[in-house]
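K.L.:
Protein chains in written order, with our numbering: chain X, -18 to 148; chain H, 623 to 1234; chain A, 49 to 150.
Just so it is clear, CB atoms sit at the ideal spot from N, CA and C, and this is done for glycine as well.
This structure is a prediction, so every number in the text was calculated from the model and none was measured.
A single structure is presented below for examination.
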Amino acid sequence: MDAILFLIFAVIAVVCGINVVVQSHPISSAISLIGVMGSLAVLYLLLGAEFLAAAQVIVYAGAIMVLFVFVIMLLNAGGETGRGRSFLAQLLGAPVLIAFLGLMAFFVQRLFPGTEMVQFGAFHGGTAQAVGRALFTQFLLPFEVISVLILIAVLGAIVLARKEFDR
Amino acid sequence: MQLWLIPVFPLAGFLLNGIFGRRASKAFINTIAIGSVLLSFAWVLKTLLGLGDLTTPHIERYFTWIQSGSLHIGFDLAVDRLTAVMLLVVTGIGSIIHIYAIGYMAHEGGYYRFFSYMNLFMFFMLTLVLGANYLILFVGWEGVGLCSYLLIGFYFTKKFATDAGNKAFIVNRIGDFGFSLAMFLIVVQFGSLDFGTVFPAVPGKSEAALTTIAFLLLVGACGKSAQLPLYVWLPDAMAGPTPVSALIHAATMVTAGVYMVARSAAIYTHAPAAMEAVAIIGVATAFFAATIGLAQNDIKKVFAYSTVSQLGYMFLGAGCGAFSAGIYHLVTHAFFKALLFLGAGSVIHALGGEQDLRNMGGLRHKIPWTFWTMMCAGVAIAGVPPFAGFYSKDEILMAANHHAPWMYWVGVITAGMTAFYVFRAMFLAFFGKYRGEAHPHESPAVMTLPLAALALLSLGGGYIFKVPEFLAPLFPLAEEGHDLGPVLISVAAGLLGIGLAYLFYVARPELPDALVARIGGLYQLVYNKYFVDEVYGAVVVNPVVSGSREVLWKGVDVAVIDGAVNGVGSSARGIGGVLKLLQSGYIRSYALWVALGSVLLLIVMGVAGGLR
Amino acid sequence: MTGVPISWYLILSAVLFSLGVAGFLFRRNIITVFMCIELMLNGVNLSFITFSYHLKHVNGQIYSFFVMVVAAAEAAVGLAIILTVYKSRGTLNIDDVSSMKN
Chain X
-18 MDAILFLIFA VIAVVCGINV VVQSHPISSA ISLIGVMGSL AVLYLLLGAE FLAAAQVIVY
42 AGAIMVLFVF VIMLLNAGGE TGRGRSFLAQ LLGAPVLIAF LGLMAFFVQR LFPGTEMVQF
102 GAFHGGTAQA VGRALFTQFL LPFEVISVLI LIAVLGAIVL ARKEFDR
Chain H
623 MQLWLIPVFP LAGFLLNGIF GRRASKAFIN TIAIGSVLLS FAWVLKTLLG LGDLTTPHIE
683 RYFTWIQSGS LHIGFDLAVD RLTAVMLLVV TGIGSIIHIY AIGYMAHEGG YYRFFSYMNL
743 FMFFMLTLVL GANYLILFVG WEGVGLCSYL LIGFYFTKKF ATDAGNKAFI VNRIGDFGFS
803 LAMFLIVVQF GSLDFGTVFP AVPGKSEAAL TTIAFLLLVG ACGKSAQLPL YVWLPDAMAG
863 PTPVSALIHA ATMVTAGVYM VARSAAIYTH APAAMEAVAI IGVATAFFAA TIGLAQNDIK
923 KVFAYSTVSQ LGYMFLGAGC GAFSAGIYHL VTHAFFKALL FLGAGSVIHA LGGEQDLRNM
983 GGLRHKIPWT FWTMMCAGVA IAGVPPFAGF YSKDEILMAA NHHAPWMYWV GVITAGMTAF
1043 YVFRAMFLAF FGKYRGEAHP HESPAVMTLP LAALALLSLG GGYIFKVPEF LAPLFPLAEE
1103 GHDLGPVLIS VAAGLLGIGL AYLFYVARPE LPDALVARIG GLYQLVYNKY FVDEVYGAVV
1163 VNPVVSGSRE VLWKGVDVAV IDGAVNGVGS SARGIGGVLK LLQSGYIRSY ALWVALGSVL
1223 LLIVMGVAGG LR
Chain A
49 MTGVPISWYL ILSAVLFSLG VAGFLFRRNI ITVFMCIELM LNGVNLSFIT FSYHLKHVNG
109 QIYSFFVMVV AAAEAAVGLA IILTVYKSRG TLNIDDVSSM KN
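Rendered as structure tokens:
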């Protein structure tokens, strides 16, 4: 059961990921990215991270991607045009990527030889209760810091965006 | 005994005159300068009288100068009989010349500078003589070289004077290099530079080491005492004022080499090859310089070559084992050579600066004091008995005869030439008709009285100061008796020289020109000092100068050193220029670099972690 | 089948990350590049949560939580900047924004 679920949603994630990269219009990439996030939420569930799966759907897919879609709409950007000017990236990009992926796969295979299995329901530490407890006791300071961070980001976004529309 | 006061009096004179002399009156400068030297002389007398016998040296150790490992060099002054002789000569003749210089330099600019340099010279010379180890001697050695440079180039606005000063200093430096090497070897061999430590230990050392040390010391002596091949600076040194020529280049500084050889007698007697070299260089220099002196027309140059020649005699004496004869000749030479120079100065002063013999003549009635005193010097240097030069030259020639007869014969011929050229100068200057245009007037008493004092010393000095007997405890007297034959031959040679000079320049003045016409080429060669300076210039000086300019300056300094320094700067700029290309402004290439870096990092971590 | 080897999750995470890098290197539209960054972040999130499972500890999920928050803030500010760039230069081509050259 776990394996089938994993395979289905992993394939969906990869296909949507490839779509994000390949599509020419940004809006198509955005929709594909929403698909990636959704499948990832299911995978989080399989790994026992219930709270985070919910957060992923609500925050990531529901808020951030909506923001992206709004901006795409606002800018009315069309498909991609024009020639790129950075030949170096295009020349070396593929080998670097292949090397990167190959190395990561290799290391992962070495470090995790396949004895450990992920089973749905095997890990109970991902409940909202557990996450909340850790968040408000052990990670209290980072929690407060990122709340300040969000405040700053809000202010920054308002200032940056306001300048353009206030004239 | 406070030996240190002897050099310190002139040093105080140098400091006082040097600092305050510019605005001081002449009376002040004179008092300080002459007073310091006279005080030094008086102190010498007091010290010597108080020390009595002096068969063993009297040493005063002041402080440790160098203490390095096992090498201990103290600032020590010592007096033994040899030192006593030198002290008397330096301070005595020095005082006389200082008094003379008051009159000679009366109208010259830089009066206070002259006397401060002279006092500084006295300080260094006395340090040289009083030193109880080779290093103190070397301090004085270098110091007198410096003062010689300062005083030769005293008229520093004239290029030939400064050139002469440079030449003297540089040629002396070559000798100093040999001296330094000798000192290093002495340290290696003996572990000390102290006379009292080195000389008793000489018999135990290998002859090869001793010969090397002796040869190197000889190089130093050749530089300082103007022997072949390093004599070329002395004739040019005549560019300095005449009292300088008298004091430094006749009586004291140039004799430092002879003093040093005599002081190192222990080393030389155990290194026969080096002693032979000393004798050969001495006799060759004596002959060579005498031949050049025959043809010179500048009165100071004649006496300069004469000095070189007489120094050769002293070396000949030392080389034949008769160290005391060499020192004896040093003393008598100081008397009559200083007198000759001071007299020449008087003549030049009388003629308002004329130095060419061809423009003189008939001066014996106009400046009689100068004439008669110089005549005393002339007969002394010619070796006419019973005057000073006869005794000392006779001692040397006897020693030469016993050592190697050919040296004796060369010495005799040189003696004849000496008499000839000195009296040639005398006759050309004082006899015949006056050929110049100045108004000769006698010099003031402050100049003629020193001349008189030196004349008395030249006449009677050899008889009164029996130097070899005095130095007998240091240098054992020769046992051989005096054969009369060689003595008579040498005296005859001197008289023959005087006679020939009389013939050529008084009786038949047309003879010299006729003779020159007959041997024109040879005369030109001798007149031009055998073109030695030109040869040195081409063989040594020019290659060194152009080598320095082309190789060392343009090649090494500009290309290599500046190139390296500038190269660092330009390569930094070059590297910066290359690295600048990384900042292309394209975000994608930045991302690529990040990705590349992360891949490399993964590889490194994997390899370091042992995963292959 | 009872479970999935943990290495598969990690490899999936690596694949998603590499896809993000590929998009970043090869796409020229700024917004698309931004979305590829989000893709990279998601891949890393999966990796965190996998390790949280592996270590049986909640900390990995907390880190993932923080990553999400930061990604949100970054998206907000970044999109505002993109808006500004579009207003001032009129282009969404990433290669045209190269005034920091040299």
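Specify the secondary structure class of phenylalanine 1009 of chain H as computed by DSSP and reduced to three states.
P.N.:
Numbered from its first residue, the second sequence carries residue 1009 of chain H at position 387. Reduced to three states, the DSSP call for phenylalanine 1009 of chain H is coil.
K.L.:
Quick check on the burial criterion: 16 or more other C-beta atoms within 10 angstroms. Buried or exposed for tryptophan 1028 of chain H?
P.N.:
For the purposes of this step, residue 1028 of chain H is taken as the residue at position 406 of the second sequence. Tryptophan 1028 of chain H should be labelled exposed.
K.L.:
Is the CB-CB distance between leucine -14 of chain X and alanine 128 of chain A below 7 Å?
P.N.:
Position 5 of the first sequence, counted from the first residue, corresponds to residue -14 of chain X. Position 80 of the third sequence, counted from the first residue, corresponds to residue 128 of chain A. No, the pair does not count as a contact, with Cβ atoms beyond the cut-off.
K.L.:
Beta carbon of threonine 929 of chain H, beta carbon of glycine 965 of chain H: below 7 Å?
P.N.:
Taking the second sequence and counting its residues from 1, one reaches residue 929 of chain H at position 307. Taking the second sequence and counting its residues from 1, one reaches residue 965 of chain H at position 343. No, these two residues do not count as a Cβ contact at 7 Å.
K.L.:
CA-CA distance, proline 1108 of chain H and isoleucine 1035 of chain H?
P.N.:
Mapped onto the second sequence, residue 1108 of chain H falls at position 486. Mapped onto the second sequence, residue 1035 of chain H falls at position 413. Taking the straight line joining both Cα atoms gives about 12 Å.
K.L.:
Could you confirm whether any beta carbon from chain H is found closer than 7 Å to the beta carbon of leucine 73 of chain A?
P.N.:
Walking along the third sequence from the start, residue 73 of chain A turns up at place 25. Judged by the 7 Å Cβ criterion, leucine 73 of chain A is in contact with chain H.
K.L.:
Give every residue of the same chain whose Cβ lies closer than 7 Å to the Cβ of asparagine 652 of chain H, excluding the five residues on either side of it in the sequence, and list them in chain order.
P.N.:
To locate residue 652 of chain H, count along the second sequence from 1; it is residue 30. So the list reads Ile724, once near-sequence residues are dropped.
K.L.:
Using the Cα positions of lysine 959 of chain H and valine 1173 of chain H, report the straight-line distance between them to the nearest angstrom.
P.N.:
One-based indexing of the second sequence puts residue 959 of chain H at position 337. One-based indexing of the second sequence puts residue 1173 of chain H at position 551. Lysine 959 of chain H and valine 1173 of chain H: Cα-Cα distance of roughly 45 Å.
K.L.:
Quick check: is the beta carbon of leucine 84 of chain X nearer than 7 Å to any beta carbon in chain H?
P.N.:
Against the first sequence, residue 84 of chain X aligns to sequence position 103. Yes, its Cβ sits closer than 7 Å to a Cβ of chain H.
K.L.:
7 Å is my cut-off, CB to CB: does alanine 1230 of chain H come that close to chain X?
P.N.:
Translated into the one-based positions of the second sequence, residue 1230 of chain H becomes position 608. No, no contact with chain X.
K.L.:
Quick check: what's the CA-CA separation for serine 95 of chain A versus leucine 33 of chain X?
P.N.:
For the purposes of this step, residue 95 of chain A is taken as residue 47 along the third sequence, with counting starting at 1. For the purposes of this step, residue 33 of chain X is taken as residue 52 along the first sequence, with counting starting at 1. Answer to the nearest angstrom: the Cα atoms are 13 Å apart.
K.L.:
Taking only runs of the alpha helix (DSSP H) that begin and end inside the stretch 1110 to 1152 of chain H, which ones reach a length of at least 4 residues, in chain order?
P.N.:
With a minimum length of 4 residues, the continuous alpha helix (DSSP H) runs that stay inside the stretch 1110 to 1152 of chain H are 1133 to 1140, 1142 to 1149.
K.L.:
For methionine 88 of chain A, go through chain X and note every residue whose CB falls closer than 9 Å to its CB, in chain order.
P.N.:
In the third sequence, the residue the question calls residue 88 of chain A occupies position 40. Those do not exist, as methionine 88 of chain A stays about 10 Å from chain X at its closest Cβ, beyond 9 Å.
K.L.:
Around the C-beta of glutamate 1156 of chain H, are 16 or more other C-beta atoms found within 10 angstroms, so that it is buried, or is it exposed?
P.N.:
The sequence position of residue 1156 of chain H within the second sequence is 534, counting from 1. The residue in question, glutamate 1156 of chain H, is exposed, as its Cβ has fewer than 16 Cβ neighbours within 10 Å.
K.L.:
I'd like the list of long-range same chain contacts for alanine 1115 of chain H, defined as Cβ closer than 6 Å, with 5 residues on each side in sequence excluded.
P.N.:
One-based indexing of the second sequence puts residue 1115 of chain H at position 493. Closer than 6 Å at Cβ, skipping near neighbours: Val1034, Ala1037, Gly1038.
K.L.:
What did DSSP end up calling phenylalanine 697 of chain H once you bin it into helix, strand or coil?
P.N.:
Along the second sequence, read from residue 1 onward, the residue named residue 697 of chain H stands at position 75. Three-state result, phenylalanine 697 of chain H: strand.
K.L.:
Tell me the start and end of each unbroken alpha helix (DSSP H) in the stretch 1003 to 1067 of chain H that is at least 4 residues and wholly inside, in chain order.
P.N.:
Listed in chain order, the complete alpha helix (DSSP H) runs (minimum 4 residues) inside the stretch 1003 to 1067 of chain H are 1010 to 1025, 1027 to 1052.
K.L.:
So, with DSSP's three-state summary, where would you put isoleucine 681 of chain H?
P.N.:
Within the second sequence, numbered from 1, the residue matching residue 681 of chain H stands at position 59. Isoleucine 681 of chain H: strand per DSSP, three-state reduction.
K.L.:
Does any residue of chain H bring its CB to less than 7 Å from the CB of leucine 132 of chain X?
P.N.:
Position 151 of the first sequence, counting from 1, holds the residue named residue 132 of chain X. No, because no Cβ of chain H sits closer than 7 Å to the Cβ of leucine 132 of chain X.
K.L.:
Does alanine 1194 of chain H come within less than 7 Å of chain X when only Cβ atoms are used?
P.N.:
For this step, residue 1194 of chain H is matched to residue 572 along the second sequence. So, not an interface residue.
K.L.:
Within this structure, are the beta carbons of glycine 797 of chain H and glycine 762 of chain H separated by less than 7 Å?
P.N.:
Translated into positions along the second sequence, residue 797 of chain H becomes position 175. Translated into positions along the second sequence, residue 762 of chain H becomes position 140. Not closer than 7 Å, so no.
K.L.:
Please confirm whether glycine 126 of chain A has its beta-carbon closer than 7 Å to some beta-carbon of chain X.
P.N.:
Start at 1 with the first residue of the third sequence, and residue 126 of chain A comes out as number 78. Chain X contact via Cβ: absent.
K.L.:
In chain order, what residues of the same chain lie with their CB nearer than 7 Å to the CB of tyrosine 21 of chain A, ignoring the 5 residues before and after it?
P.N.:
As shown, chain A starts at 49 and ends at 150. That puts residue 21 of chain A outside it, with no answer to give.
K.L.:
Kindly list the residues whose CB is nearer than 6 Å to the CB of serine 1002 of chain H, restricted to its own chain and excluding five residues on each side of it in sequence; keep chain order.
P.N.:
Residue mapping note: residue 1002 of chain H aligns to position 380 of the second sequence, counting from 1. Note that residue 1002 of chain H is alanine in the sequence shown, not serine. Hits under 6 Å: Phe958, Phe1009, Ala1010, Gly1011, Ser1080.
K.L.:
Cα separation between serine 690 of chain H and tyrosine 722 of chain H?
P.N.:
Here the question's residue 690 of chain H lines up with position 68 in the second sequence. Here the question's residue 722 of chain H lines up with position 100 in the second sequence. For serine 690 of chain H and tyrosine 722 of chain H, the distance between alpha carbons rounds to 46 Å.
K.L.:
Check distances from the C-beta atoms of the stretch 51 to 68 of chain A to those of chain X and list, in chain order, the residues that come in under 9 Å.
P.N.:
Taking 9 Å as the Cβ-Cβ cut-off against chain X, the residues of the stretch 51 to 68 of chain A that qualify are Gly51, Val52, Pro53, Ile54, Ser55, Trp56, Tyr57, Leu58, Ile59, Leu60, Ser61, Ala62, Val63, Leu64, Phe65, Ser66, Leu67, Gly68.
K.L.:
Tell me, which residues are paired with valine 1161 of chain H by DSSP?
P.N.:
As a first step, residue 1161 of chain H is located in the second sequence; it is residue number 539 there, counting from the start. None, per the DSSP bridge assignment.
K.L.:
Assuming valine 766 of chain H and methionine 747 of chain H make a contact with CB atoms under 8 Å, what is their CB distance in whole Å?
P.N.:
Along the second sequence, read from residue 1 onward, the residue named residue 766 of chain H stands at position 144. Along the second sequence, read from residue 1 onward, the residue named residue 747 of chain H stands at position 125. Between methionine 747 of chain H and valine 766 of chain H the Cβ distance is about 5 Å, and since that is below 8 Å, they are a contact.
K.L.:
Kindly list the residues whose CB is nearer than 7 Å to the CB of alanine 152 of chain X, restricted to its own chain and excluding five residues on each side of it in sequence; keep chain order.
P.N.:
The question about residue 152 of chain X has no answer here: the residues shown for chain X are numbered -18 through 148.
K.L.:
Return the residue from the list H/Ala893, H/Val1229, H/Ser1220 that minimises the CA-CA distance to isoleucine 79 of chain X.
P.N.:
Counted from its first residue, the first sequence places residue 79 of chain X at position 98. Considering only alpha carbons, the answer is H/Ser1220.
K.L.:
Between the stretch 1 to 24 of chain X and chain H, which residues of the former have a C-beta closer than 7 Å to a C-beta of the latter?
P.N.:
Result list empty, no residue passes.
K.L.:
Considering just the uninterrupted stretch of the alpha helix (DSSP H) at methionine 805 of chain H, what are its terminal residues?
P.N.:
In the second sequence, residue 805 of chain H corresponds to position 183, counting from 1. Start and end: 781 to 812.
K.L.:
What residue range is occupied by the uninterrupted alpha helix (DSSP H) comprising histidine 951 of chain H?
P.N.:
The residue labelled residue 951 of chain H in the question sits at position 329 within the second sequence. Taken as a continuous stretch (DSSP letters only), the alpha helix (DSSP H) holding histidine 951 of chain H covers 945 to 972.
K.L.:
Please classify aspartate 1184 of chain H as buried or exposed, where buried requires at least 16 other C-beta atoms within 10 Å of its C-beta.
P.N.:
The residue labelled residue 1184 of chain H in the question sits at position 562 within the second sequence. Label assigned to aspartate 1184 of chain H: exposed.
K.L.:
With 7 Å as the threshold, decide whether the Cβ of glutamate 97 of chain X is near any Cβ in chain A.
P.N.:
Taking the first sequence and counting its residues from 1, the one referred to as residue 97 of chain X is at position 116. It does; some Cβ of chain A falls within 7 Å.
K.L.:
Which residue's Cα is closest to the Cα of leucine 840 of chain H: H/Lys827, H/Leu869, H/Phe821, H/Asn794?
P.N.:
Residue mapping note: residue 840 of chain H aligns to position 218 of the second sequence, counting from 1. Residue H/Asn794 is the option with its Cα nearest to leucine 840 of chain H.
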